[in-house]
Structures are given as structure tokens and as C-alpha cells.
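In UniProt numbering, the protein residues as written are 1 to 41.
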């Protein structure tokens, strides 16, 4: 999620990571970050 927050990856790439993480605590956290910082990427 750091890469997304810093603008190094797009939201699309972050969401691919979320899918690969599945329904795990970290996957849910990264999904929340993607939604919270939707202005980036």
C-alpha cells in the first residue's frame, strides 16, 4: 500500500494486489486504503 500512497502504482494495480491477497486481514486493509485514498494513482 505504500507504493499506492506515494503514487508509485495506480489504483488498478493496487486492486490486482487486493484480489491476489484474498479475504485476509492484510487484503482487507489494502482494500480499505484503496477506497480511502481514491484520489491517488
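Glycine is no exception: its CB is placed at the ideal position from the N, C-alpha and C atoms.
Discussion item. Quick check: what's the CA-CA separation for residue 3 versus residue 20?
Written reply: Roughly 16 Å separates the two Cα atoms.
Worksheet item: Leaving out five residues before and five after residue 40 in sequence, what residues of the same chain have Cβ atoms less than 8 Å from its Cβ?
Response: Any reading at residue 40 needs caution, since the residue's pLDDT is 47, under 50, leaving its predicted position unreliable; the model's value is listed next. The beta carbon of residue 40 is closer than 8 Å to those of 4, 5, 7 and 11 in its chain, skipping five residues each way along the sequence.
Worksheet item: Nearest-angstrom Cα distance between residue 25 and residue 34?
Response: When the Cα atoms are used, residue 25 and residue 34 turn out to be separated by approximately 14 Å.
Worksheet item: What are the start and end residues of the alpha helix (DSSP H) that includes residue 27?
Response: For residue 27, the enclosing alpha helix (DSSP H) covers residues 25-36.
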